[in-house]
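Notes follow once the structure below has been shown.
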Amino acid sequence: MAFELLCQHPSAARGAATACALPAFAIRDEAPCDMGAREALLDDAFGPARFLKTCQRLRDGSAPAPGLALVATDDAGALVGTVRLWPVLAGEREALLLGPLAVSAQHRALGIGRALIDESLARSRDFGHRAVLLVGDAPYYARFGFERRFTERLTMPGPVERARFLGLELVEGALRGACGRVVAAATPAIDLPRAA
Ligand SMILES: CC(C)(COP(=O)(O)OP(=O)(O)OC[C@H]1O[C@@H](n2cnc3c(N)ncnc32)[C@H](O)[C@@H]1OP(=O)(O)O)[C@@H](O)C(=O)NCCC(=O)NCCS
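As structure tokens, then:
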């Protein structure tokens with residue numbers, strides 16, 4: 004799917020364009036040629052311990068959900084942000100696992116993280132997904148509506164800090180009563196919109 008969202012400012016990501024002096028960036032689908040830059044960015048953001056995280060166990064051998072691997076690029080086309088979402092079953096409920104999310108240290112606090120999350124959640128809704136889980140900093144993700152209450156009766160396939168295990172319902176009630184283990188799911192077959 005060809006897609007590119009040009010942002011002059013964070014608030015332009017899914018709203019009215021705003022004229023300001025902040026650098027422009029674009030959100031687009033990740034391409035195979037982004038792999039090297041994406042991995043370098045993730046190494047910088049998380050270090051080698053990223054491969055030991057419990058969430059990684061749910062990503063090993065899987066592919067991101069279709070249309071839900073996004074990158075941010077600066078005005079020179081360099082990759083400065085990444086987010087990917089993965090299909091999982093959360094106590095037998097279909098859901099997505101968000102992560103890793105990272106923005107290059109030189110480009111933080113410009114709204115790129117917000118634009119990546121906003122776009123990925125908007126697409127997730129458009130594609131018919133019902134819920135999103137993640138393990139991350141609650142003070143950051145609370146602004147997008149992620150809450151601890153949705154994951155209280157779910158378990159991950161390894162150790163996680165419970166306070167960082169968060170959920171978001173894209174469809175009201177999607178995680179109500181969700182109970183049990185989170186496991187990797189087969190990549191769902193969905194019809195992505197075709198490029199014009
Ligand atoms: C977390 C991260 C993706 C945010 O990206 P970003 O483009 O800088 O974020 P935005 O510009 O959209 O938002 C910036 C806001 O988030 C806040 N913020 C950033 N990281 C935060 C964190 N870990 N906890 C709480 N707030 C955080 C900033 O203080 C800023 O607050 P403000 O809007 O009140 O000024 C980026 O800092 C990063 O890559 N960090 C290292 C990797 C990481 O920790 N990723 C996952 C987060 S658990």
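So for the sequence shown, this note's numbering puts the first residue at 4; every next one is plus one. Glycine residues also receive a C-beta, built at the ideal position from the N, C-alpha and C atoms. Everything numeric in this text was worked out from a predicted model, so none of it was measured.
Close Cβ partners of residue i (< 7 Å) along its chain, the five nearest in sequence each way excluded
{"i": "R179", "result": "none"}
{"i": "R60", "result": "P160 and G161"}
{"i": "P67", "result": "R87, L88 and W89"}
{"i": "D37", "result": "V74 and L82"}
DSSP state of residue i mapped onto helix, strand, coil
{"i": "D121", "result": "helix"}
{"i": "G84", "result": "strand"}
{"i": "G139", "result": "coil"}
{"i": "G183", "result": "strand"}
{"i": "T154", "result": "helix"}
{"i": "G176", "result": "coil"}
{"i": "L71", "result": "coil"}
{"i": "G39", "result": "helix"}
{"i": "F49", "result": "helix"}
{"i": "A145", "result": "helix"}
{"i": "L100", "result": "strand"}
{"i": "T57", "result": "helix"}
{"i": "L44", "result": "helix"}
{"i": "T21", "result": "With a pLDDT of only 43 at T21, under 50, the local geometry of the prediction cannot be trusted, and the value read off the model is given with reservation. Residue state, collapsed to three classes: coil."}
{"i": "R111", "result": "coil"}
{"i": "D63", "result": "coil"}
{"i": "D116", "result": "Strictly speaking, residue 116 in this sequence is Gly, with Asp absent from that position. It is helical."}
Close-in-space but distant-in-sequence residues of the same chain around residue i (CB under 6 Å, 5 per side omitted)
{"i": "R62", "result": "W89"}
{"i": "F153", "result": "G170 and L178"}
{"i": "H110", "result": "V83"}
{"i": "V163", "result": "T57 and V138"}
{"i": "I120", "result": "F147"}
{"i": "G94", "result": "L157, A181, C182 and G183"}
Beta bridge counterpart(s) of residue i as assigned by DSSP
{"i": "D77", "result": "F28"}
{"i": "V163", "result": "None; V163 has no bridge partner."}
{"i": "G94", "result": "Answer is none; G94 lacks a bridge partner."}
{"i": "G170", "result": "L136 and E150"}
{"i": "A105", "result": "T85"}
C-beta neighbour in chain C for residue i, strict 8 Å
{"i": "D78", "result": "No chain C is present in this structure, which holds just one protein chain."}
Nonlocal neighbours in the same chain, by C-beta distance under 8 Å from residue i, ignoring five residues either side
{"i": "R41", "result": "E33, V74, L82 and T85"}
{"i": "R167", "result": "V138, G139, D140 and A141"}
Practice problem: Mind the definition here: the region 83 to 102 touches the region 127 to 143 only if three or more C-beta pairs lie below 8 Å; say whether that holds. | Solution: yes
Exercise. Pair every Cβ in the region 142 to 156 with every Cβ in the region 168 to 177, then say whether three or more of these pairs are closer than 8 Å.
Key: yes
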